[in-house]
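Inspection log for the structure reproduced underneath, given as structure tokens.
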Amino acid sequence: MYFSKAIKATALVALSALALTACSASAEKAPAGATSSATASSAATDFPRTIKHAAGETTIEAKPASIVVLDMAALDTIDALGAGHAVTGTVTKNVPTWLKDDEGIDYTKVTSVGGLKEPDMEAIAKLNPDLVIVGNRSASFYEEFSQLFPTIDVTHSWKSSDYSATVPQSVEMLASAIGADGKAAADAITEKVAAYTGMGKDKGNALVVMTSAGELSVHDRGSRWAPIWDVFGFGEAYKKAEADQGHKGEKVSFETVKDINPDWLFVVDRDAAIGKSEAGQAAAQVLDNELINATTAAQKGQIVYLSPERWYVVMTGASNFPAILDEIADAIK
């Protein structure tokens, strides 16, 4: 979906009308010559700053007080950094369960801004955000948004060999953009990666299978499941010709999985991840057949069903990434 010229024009007119008010308010709040100490507080006050991100560079003039988030990993990170109060709009239908916290912030109750692949530009224009965050599923809208609002792209590519090692850098980049201190969260991820590195090296090889509408696809280290190999050190039971494109792996039959015969089989139920589990069979039912049960993974009780929300929807968030590493570690102890 692309935004029509009419909608863009309407939004630009509205934003232009707001600009003088916003600039005036900024001038009152941030007098010339104001300084801050080089501590955690400087993360919030050292603006303007230029952020390097997946789509280029963006200058952010002041600490964002209104943020529209179109990436669930980014939402997870913002919440983990204690900056959720600035989120004024998100894709409420995709908010993961742990971010619907009655004791914290329930992000399903902020303004809904459409879908990750079909954002509602009019709703976003009404919010007049100080920052829009896109990534992964919404990354294709960067150009449209960047013409209207300061926008960053937090897409974290699994096509590189250092997917897991660069997650802390992504956390700190986002923290800098929103005026938060991300060092502690980034360091915690680095420490967890180090603690689990090589834990699966002597446990054989591994394969990831995703079930969707009763069909199977296989995934290797060139996917969002890269930590299974690049952190834990499992051998590759199967190597695809190229990295995943979006969520799409290589479609295979049950016979192919039997022939691959992995030592460990990690499974993600896509239907459950996207809220369509009632329309089809659960992954455990799909895989309960003679062919899969003949694999080494099944024979040794080494089929692991991963959290669909965490692995398929959120992936690299500051609280989510350590959680998915813990999930693998707990399964293979």
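Heads up, the sequence shown is in our numbering, so the first residue is 29 and it goes up one at a time.
Heads up, the beta-carbon is just placed ideally off N, CA and C, and yes, glycines get one too.
Quantities reported herein were computed from a predicted structural model and do not represent experimental measurements.
query	result
Chain-order list of residues whose beta-carbon lies under 7 Å from that of GLU337 (same chain, five-residue window excluded)	PRO124, THR125 and ALA301
Status (buried if at least 16 other CB within 10 Å, exposed otherwise) for THR87	exposed
Inter-residue Cα distance where the pair is ASN233 and ASP248	11 Å
Residue environment, PRO92, which counts as buried when at least 16 other CB atoms sit within 10 Å	buried
Identity of the residues DSSP links to ALA234 by a beta bridge	GLU264 and TRP292
Among VAL160, SER192, VAL96 and SER335, nearest to VAL138 - alpha-carbon criterion	VAL96
Helix, strand or coil at SER140 according to DSSP, with G and I counted as helix	strand
For VAL182, the nearest candidate out of ASN164, PHE260, SER174 and VAL259 (CA to CA)	ASN164
Per DSSP, cross-strand counterpart(s) of THR116	The partner list for THR116 (beta bridge, DSSP) is empty, contrary to what the question assumes.
Spatially closest choice to ILE360 from PRO350, VAL332 and VAL341, by CA coordinates	VAL332
Length of the line joining the Cα atoms of ALA55 and ASP74	Legend: pLDDT at ALA55 = 36, less than 50; position of this residue unreliable, no value from coordinates given.
CB contact flag (TYR340, ARG298, <8 Å)	yes
Through-space distance from ASN317 to ALA213, alpha-carbon basis	42 Å
Cβ distance (whole Å) where ALA346 is taken to contact VAL221 below 8 Å	No, ALA346 and VAL221 are not in contact; Cβ-Cβ is about 13 Å, not under 8 Å.
Close-in-space but distant-in-sequence residues of the same chain around PHE169 (CB under 7 Å, 5 per side omitted)	PRO147 and VAL162
First and last residue of the uninterrupted beta strand (DSSP E) at LYS362	There is no way to answer for residue 362, as the model of the chain reaches only from 29 to 361.
Whole-number beta carbon distance between SER166 and LEU98, since they are thought to touch under 8 Å	4 Å
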